[in-house]
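Data first, discussion second: the structure below is written as structure tokens.
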Amino acid sequence: MSVILGINAYHAGASAALVIDGQPVAAIAEERLNRLKYYAGFPALAIRRCLDMAGLNVADIDHVAIGREPAANRAKKIEFVLKNPSRLLNLLKIRGSRSKLDDLPTLIAAACQVDSAQLRFRAWNVEHHLAHIASAYFVSPWDKAAGFSIDGSGDFVTCMLTACEGDEISVLQRVFVPNSLGSLYTMICEFIGYGEYGDEGKVMGLAPLGGDRYADQFDDMVTLDGAGFELNPKYFLPFGASQGMKIADDGQVTLERHYSDHLIELFGPPRVSRSDLTQRDRDLAFGVQHVFEKV
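Read in order, the letters of the sequence shown correspond to residues 44 to 338 in my numbering.
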């Protein structure tokens, strides 16, 4: 019997899943157990619940996989730091906040209240977007598919395109930081008063109530070419400045400001959360949704 535990930890939506002999048998998000929305700590309760559902104990785990690979895309990270040396300190802080995962046996042993000497699993780091695509493809009914993953960023990549066939996933293209459609969407969400983690869905729902009067401005934010897309940096705070996601000790997630002062000069003051919506806000929601779909 082969037992694989997959975990998402120290990122919004902390969770665990259990696969036995290639078949998923249990999966649960930590927030369902501790009642903290988008909890971003370690999924201790979720791990225990998955083992309970499968009738196993932690010593039965053969492999632990986590959707993060710090060694991935190292050359691109170095290139970015050389071009943007002022961002180095904050990038190191981001890495430091995630270094807890360097000792998975201790974390999992503590979660299951056992001695780490009882554990025999091998740990695997899976590049962020590969993990996203694998989680969809390997449980799908298809033996051949195109894979596409897109978010803010993970392991310095914002988009990944793959060819999936049989048991193999081949990477065809990566789009790297700082060009992130996820960051673009979050930037507009924050500006129109939806600054909580997960508010993007609200802005998507608001978009049909807006119009295209800001089409030219959004075309200036994103440049399309044959190789992909680039963001215009004048609209954004530089990656690694204060832009990003902050995780408190209790696992609560807050988003830090993404937009630059240029956005204020262009559109006026940002909307205060829970204040009345204006047509400007609706039109900005329409604009970001339209350009996102266009890209």
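Beta carbons: idealized from backbone N, C-alpha and C, even for Gly.
Check                                                                                                    : Outcome
Start and end residues, beta strand (DSSP E) containing K80                                              : Segment: none, K80 is in no beta strand (DSSP E) and carries neither H nor E.
E112 - DSSP class collapsed to helix/strand/coil                                                         : coil
Segment contact, 8 Å Cβ cut-off, at least three pairs: the stretch 98-113 with the stretch 204-216       : no
Sequence-distant residues of its chain with Cβ nearer than 6 Å to K80 (five each side left out)          : E74
Status (buried if at least 16 other CB within 10 Å, exposed otherwise) for G98                           : exposed
Three-pair Cβ contact test at 8 Å for the stretch 308-321 versus the stretch 221-239                     : yes
Own chain, CB closer than 6 Å to R78, minus 5 neighbours either side, in chain order                     : none
Whole runs of the alpha helix (DSSP H) within the stretch 144-182, excluding any shorter than 4 residues : 147-155 and 171-180
Same chain only: Cβ atoms within 8 Å of E243, ignoring 5 sequence neighbours per side                    : Y228, T229, C232 and Y237
Candidates S223, R117, P221 and T205: closest to L215 by CA position                                     : T205
Which residues DSSP lists as bridging I50, in chain order                                                : A59 and I109
Any beta strand (DSSP E) of 3 or more consecutive residues that is wholly inside the stretch 239-291     : 265-268, 271-274 and 287-290
Extent of the continuous alpha helix (DSSP H) to which R325 belongs                                      : Q322 to K337
The stretch 93-109 in contact with the stretch 265-273 per 3-pair CB rule at 8 Å                         : no
When I47, M247 and H54 are compared against G165, the one with the closest alpha-carbon                  : Per the sequence shown, the amino acid found at residue 165 is Arg instead of Gly. Closest by alpha carbon: I47.
Inter-residue Cα distance where the pair is I176 and V331                                                : 24 Å
Under 7 Å between C-beta atoms of G49 and A57                                                            : no
G294 (DSSP reduced to helix, strand or coil)                                                             : coil
Per-residue DSSP class, three states only, for I104                                                      : coil
Pairwise C-alpha distance: A83 and G241                                                                  : 13 Å
Integer Cβ distance of E171 from S226, believed to fall under 8 Å                                        : Note that residue 171 corresponds to His in the displayed sequence, not to Glu. Their Cβ separation, rounded to whole angstroms, is 15 Å, which puts H171 and S226 out of contact at 8 Å.
Distance between beta carbons of F219 and K119, contact taken as under 8 Å                               : 5 Å
Host alpha helix (DSSP H) of L99 (start-end)                                                             : Unbroken run through L99: none, as it is neither H nor E.
Closest residue to G248 among G65, A328 and V338 (Cα-Cα distance)                                        : A328
Burial state of F85, where buried means 16 or more other Cβ atoms lie within 10 Å                        : buried
CB of I90 within 7 Å of CB of A154, strictly                                                             : yes
Residues near G253 in its chain [Cβ-Cβ closer than 6 Å; skip 5 each side]                                : R325, D326, A328 and F329
Among N100, A291, R117 and Y53, nearest to L162 - alpha-carbon criterion                                 : N100
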